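Heads up: the protein sequence lines correspond to chains A and B, in order.
Heads up, the first sequence is in the numbering used here, so the first residue is 3 and it goes up one at a time.
Heads up, the second sequence is in the numbering used here, so the first residue is 43 and it goes up one at a time.
Think of the CB as a built atom: it goes at the ideal place given N, C-alpha and C, for glycine as much as any other residue.
Keep in mind that this is a model prediction, so the values were computed, not measured.
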Amino acid sequence: MSEIWSAEYTAEKGDVPLYMFRKHEGPPDAANPRPVLFLVHGSSFSGPSGFDLTVPGRDDYSLMDAFARLGYDVWTLDHEGYGRSGRTDGNAPISEGVNDLIAGMDVVEKETGQTSHFFYGQSSGALRAACFAAARPETVRRVVLDAFVWTGEGAPTLIERAKKLDQWRASNMRPVDRAFYHSIFNRDLPGTSEAAVPDALADAELQLCSEVPTGTYLDMCAHLPVVDPLDITCPVLILRGEHDGIATEEDLIAFFQLLPNQDKQFSIIAGQAHVAPLGLNRRRFWHVMDGFFKMPARRDPYEDEDRQKIEERRRAGGRS
Amino acid sequence: MSEMWSSEYRAHKGDVGLHVWRKRIGAPNAGQADKPLLFLVHGSSFSGRSGFDLQVPGKPGYSMMEAFAEWGFDVWLMDHEGYGRSDWGEGAFAYVKEGVDDLKAAMEVIETATGHAKVSMYGGSSGALRAACFAAACPENVDRLALAAMVYTGQGSPTLAKRAEKLDEWRSSNKRAVDHAFFASIFNRDKPGTAEDEVAVALADSEAALCTHVPTGTYINMCAHLPLVEPEDVKCPTLLVRSEHDGIATDADVMEFWARLPNKDKQFTQMDGQSHAAALGLNRWRFWHVLKTFFAMPPRCDV
Numbered sequence: 003m004s005e006i007w008s009a010e011y012t013a014e015k016g017d018v019p020l021y022m023f024r025k026h027e028g029p030p031d032a033a034n035p036r037p038v039l040f041l042v043h044g045s046s047f048s049g050p051s052g053f054d055l056t057v058p059g060r061d062d063y064s065l066m067d068a069f070a071r072l073g074y075d076v077w078t079l080d081h082e083g084y085g086r087s088g089r090t091d092g093n094a095p096i097s098e099g100v101n102d103l104i105a106g107m108d109v110v111e112k113e114t115g116q117t118s119h120f121f122y123g124q125s126s127g128a129l130r131a132a133c134f135a136a137a138r139p140e141t142v143r144r145v146v147l148d149a150f151v152w153t154g155e156g157a158p159t160l161i162e163r164a165k166k167l168d169q170w171r172a173s174n175m176r177p178v179d180r181a182f183y184h185s186i187f188n189r190d191l192p193g194t195s196e197a198a199v200p201d202a203l204a205d206a207e208l209q210l211c212s213e214v215p216t217g218t219y220l221d222m223c224a225h226l227p228v229v230d231p232l233d234i235t236c237p238v239l240i241l242r243g244e245h246d247g248i249a250t251e252e253d254l255i256a257f258f259q260l261l262p263n264q265d266k267q268f269s270i271i272a273g274q275a276h277v278a279p280l281g282l283n284r285r286r287f288w289h290v291m292d293g294f295f296k297m298p299a300r301r302d303p304y305e306d307e308d309r310q311k312i313e314e315r316r317r318a319g320g321r322s
Numbered sequence: 043m044s045e046m047w048s049s050e051y052r053a054h055k056g057d058v059g060l061h062v063w064r065k066r067i068g069a070p071n072a073g074q075a076d077k078p079l080l081f082l083v084h085g086s087s088f089s090g091r092s093g094f095d096l097q098v099p100g101k102p103g104y105s106m107m108e109a110f111a112e113w114g115f116d117v118w119l120m121d122h123e124g125y126g127r128s129d130w131g132e133g134a135f136a137y138v139k140e141g142v143d144d145l146k147a148a149m150e151v152i153e154t155a156t157g158h159a160k161v162s163m164y165g166g167s168s169g170a171l172r173a174a175c176f177a178a179a180c181p182e183n184v185d186r187l188a189l190a191a192m193v194y195t196g197q198g199s200p201t202l203a204k205r206a207e208k209l210d211e212w213r214s215s216n217k218r219a220v221d222h223a224f225f226a227s228i229f230n231r232d233k234p235g236t237a238e239d240e241v242a243v244a245l246a247d248s249e250a251a252l253c254t255h256v257p258t259g260t261y262i263n264m265c266a267h268l269p270l271v272e273p274e275d276v277k278c279p280t281l282l283v284r285s286e287h288d289g290i291a292t293d294a295d296v297m298e299f300w301a302r303l304p305n306k307d308k309q310f311t312q313m314d315g316q317s318h319a320a321a322l323g324l325n326r327w328r329f330w331h332v333l334k335t336f337f338a339m340p341p342r343c344d345v
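Written out as structure tokens, the structure is:
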């Protein structure tokens, strides 16, 4: 088995530098490019901390390593205000996250020569990825939206979070500490992840920051929906942990039913909570994602016609 | 690589002998299940081997059995009563509930041959209804269940509305004539061009060698007796595959069924560019890929 190769990059969003991290099984080979998988983090921890986590005594928590070994060229980015990226006076809402991704794509294209990629977004990262897919459809081949929420109606986690809405509005940053990271893994159903994971995540994250931006929390509590399903034209997988208070199943099914591309999938993973990539059943989760990305190409004569119909509907204003 | 191995068996539902067919890579060791077991359940209009092990002249890659055998499965199917190489009891309509009895008889054969009788099960069209009813009746026999071209209540289904125009005819006889034109209609009724023309011909040739009529029971069930199974009664992990162009049900009807499935290990996949008989369509490899991924789900490791 080849070694995992990695590299760091910096994207520029105006004068805000954005940290990017890439992993690949062996060094990239321009003659044999692998499909790019871009991982989009959520509200509370940065890209490498979540997607390339080292848990003491364990060697199987890195989503980046797993997908590098499955044949992908795996990238992630720290959004503005997170991890190793630059800070501003802003609160880094979803819309800014889309701008971060646009900046990140310049780097990916320069390094790989590729212009269309697989995307995975987790929690508010799923909202960023969905909004990005709507804004830049030519850049997204297939997208996985995990721990996603559409309208937020009836979502226990968001109802609880909204109690602090004034606090999220009052400040662009919110403090994070070890207890907070534990709460992420225990708020839905304790026992769906190993106890060492929140500590490892806290160890990784707290050496980078003591606070994170409030923009995505504010968006999720006060501004949903932030994306119209009819604007997402690529194939979509909605991935949901069985125990995830971020949304109701009804909310996600309604979103799924409106997705215009008829290459779409909704998977619920039993025994998983909100942060499924770091849960006990993460291998089941990875398996479903990999299967979705590796869907064989269509062979019927209607692909171009279908693409045209979807695009016409989007240009006509979607829902109308 | 080892050769494709096949064998036929006979299941017995009382006096009715039922054809059972098995394919896998390499000969099995009697009484041992050394590969995951996959059982394929056919629908209303053609037998198991014709549909799932079809040989299309000049066009390899149509046998779903062989594809899954190559992927490491021990693949089984049967011809239900009145179909293909199975017996047809006098006057039998071969309703879906009798199809469940057929499957129970087949499980005995599998258990004798492998020592196990818990399978991953796939059913298409009324085969999905048989498989879902079987999973509800015999949960101990079904590990994971994939249902394609499924219908729940039938409300708003164009195909069933059309079919119901002949309900009196289906009720008046337990036999329904099939011919080349009928088989061609299966592939063209939803979206012409989603299957190769040669497929309907090969399927018709295969079936014509076995029969001129098939039972009417599942047609009657689908026109007059839906729903036959409630989602709450299907307890195992379930995949529901819905083709974009399939008049057998509406999107809303099958989503309602899926949403109410109680096991939270479940998946709904909508597939573009496919119609009712997806397993024999141009995009069958996409369809098989989705099934394979679902059946190959790693085991749970939470408490």
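DSSP has residue i in a bridge; who is on the other side?
i: S64(A); result: D54(A)
i: M46(B); result: I67(B)
i: M22(A); result: Y11(A) and L79(A)
i: D148(A); result: Q124(A) and L241(A)
i: M331(A); result: Coverage of chain A is limited to positions 3 through 322, which leaves residue 331(A) absent and any answer about it impossible.
i: E27(A); result: I6(A)
i: G315(B); result: DSSP output for G315(B) lists no bridge partner at all.
i: P257(B); result: K217(B)
i: M163(B); result: F81(B) and L187(B)
i: Y74(A); result: None, per the DSSP bridge assignment.
i: V42(A); result: G123(A)
i: A53(B); result: L60(B)
i: K306(B); result: DSSP, once it has assigned bridges, lists no residue as partnering K306(B).
According to DSSP, simplified to helix, strand and coil, what is residue i?
i: G126(B); result: coil
i: L189(B); result: strand
i: A237(B); result: coil
i: T159(A); result: helix
i: S322(A); result: Low confidence applies to S322(A): its pLDDT is 36, below 50, so where it sits in the model is not reliable, and the reading given next is rough at best. Looking at S322(A) - three-state DSSP - the assignment turns out to be coil, as it is neither helix nor strand.
i: V61(B); result: Contrary to the premise, residue 61(B) reads as His rather than Val in this sequence. DSSP places H61(B) in strand when its eight states are reduced to three.
i: R143(A); result: strand
i: V276(B); result: coil
i: R172(B); result: helix
i: L252(B); result: coil
i: V283(B); result: strand
i: A112(A); result: Per the sequence shown, residue 112(A) should be read as Lys rather than Ala. K112(A): helix per DSSP, three-state reduction.
i: R89(A); result: coil
i: F336(B); result: helix
i: D308(A); result: helix
i: P303(A); result: coil
i: Q209(A); result: coil
Only counting the same chain, and skipping five residues up and downstream in sequence, which positions put a Cβ closer than 6 Å to that of residue i?
i: F258(A); result: I240 and F268
i: S8(A); result: K25
i: A172(A); result: none
i: V58(B); result: E123, D129 and G131
i: F53(A); result: L41, L65, M66 and T78
i: K351(B); result: This structure does not reach residue 351(B), given that chain B is present from 43 up to 345, and the question cannot be answered.
Excluding the 5 residues flanking residue i on each side, which residues of the same chain have their C-beta closer than 8 Å to its C-beta?
i: A148(B); result: A53, L60, V62, F81, W118 and M120
i: M297(A); result: R144, P237 and D265
i: E240(B); result: V98, P99, G100 and K101
i: A75(B); result: D116, T156, G157 and H158
i: S118(A); result: E140, T141, V142 and R143
Give me, in chain order, the residues of the same chain whose beta-carbon lies closer than 7 Å to that of residue i; leave out the 5 immediate sequence neighbours on both sides.
i: G49(A); result: F23, L41, H43, T78, L79, D80 and G85
i: G127(A); result: V42, H43 and G44
Next item on the list: Can you give me, in chain order, the residues of the stretch 290-308 of chain A that have a beta carbon less than 9 Å from any beta carbon in chain B?
Entry: Within the stretch 290-308 of chain A, the residues whose Cβ lies closer than 9 Å to any Cβ of chain B are, in chain order, V290, D292, G293, F294, K296, M297, P298, A299, R300, R301, D302, P303, Y304, E305 and D308.
Notebook entry, point to check: In chain order, what residues of the stretch 249-263 of chain A put their CB closer than 9 Å to some CB of chain B?
Noted result: When C-beta distances to chain B are compared with 9 Å, the residues of the stretch 249-263 of chain A below that value are E251, E252, I255, F258, Q259, L261 and N263, in chain order.
Note to self: Taking beta-carbon pairs under 7 Å, can you tell me which members of the stretch 319-330 of chain B lie near chain A?
What the structure shows: Within the stretch 319-330 of chain B, the qualifying residues are L324, N325, W327 and R328.
Check: Relative to chain B, which residues along the stretch 163-193 of chain A have a C-beta separation below 8 Å, given in chain order?
Finding: Answer in chain order: G193.
Notebook entry, point to check: Could you give the uninterrupted runs of the alpha helix (DSSP H) lying entirely in the stretch 191-220 of chain B, keeping only those of 4 residues or more?
Noted result: The qualifying runs are 200-206 and 209-214.
Check: Taking the runs of the beta strand (DSSP E) that are 3 residues or longer, which of them lie wholly in the stretch 232-294 of chain A?
Finding: Fully enclosed beta strand (DSSP E) runs of no fewer than 3 residues occupy 238-243 and 266-271 of the stretch 232-294 of chain A, in order along the chain.
Check: Listed in chain order, which residues of the stretch 189-203 of chain B have Cβ atoms closer than 8 Å to some Cβ of chain A?
Finding: Correct list: empty, as no residue qualifies.
Margin query: By the 7 Å beta-carbon criterion, what residues does the stretch 218-245 of chain B contribute toward chain A?
Written below: Answer set for the stretch 218-245 of chain B: G235 and T236.
Next item on the list: Give, in chain order, every unbroken run of the alpha helix (DSSP H) that is at least 4 residues long and sits entirely within the stretch 68-153 of chain B.
Entry: The alpha helix (DSSP H) runs of length 4 or more contained entirely in the stretch 68-153 of chain B are, from start to end of the chain, 90-94 and 106-112.
Next item on the list: Pull out every residue of the stretch 110-122 of chain A whose Cβ sits closer than 8 Å to any Cβ of chain B, in chain order.
Entry: Of all residues in the stretch 110-122 of chain A, none has a Cβ within less than 8 Å of some Cβ in chain B.
Notebook entry, point to check: What residues in the stretch 267-284 of chain A bring their beta carbon closer than 9 Å to a beta carbon of chain B?
Noted result: Those residues of the stretch 267-284 of chain A that come within reach of chain B (Cβ to Cβ, closer than 9 Å) are Q267, F268, S269, I270, I271, A272, G273, Q274, G281, L282 and N283.
Margin query: At a CB distance below 7 Å, what residues from the stretch 226-250 of chain A approach chain B? Give them in sequence order.
Written below: For the stretch 226-250 of chain A, which is checked against every Cβ of chain B, the residues closer than 7 Å are E244.
Next item on the list: Give the residues from the stretch 270-288 of chain B that approach chain A closer than 8 Å (Cβ to any Cβ), ordered along the chain.
Entry: Those residues of the stretch 270-288 of chain B that come within reach of chain A (Cβ to Cβ, closer than 8 Å) are P279 and E286.
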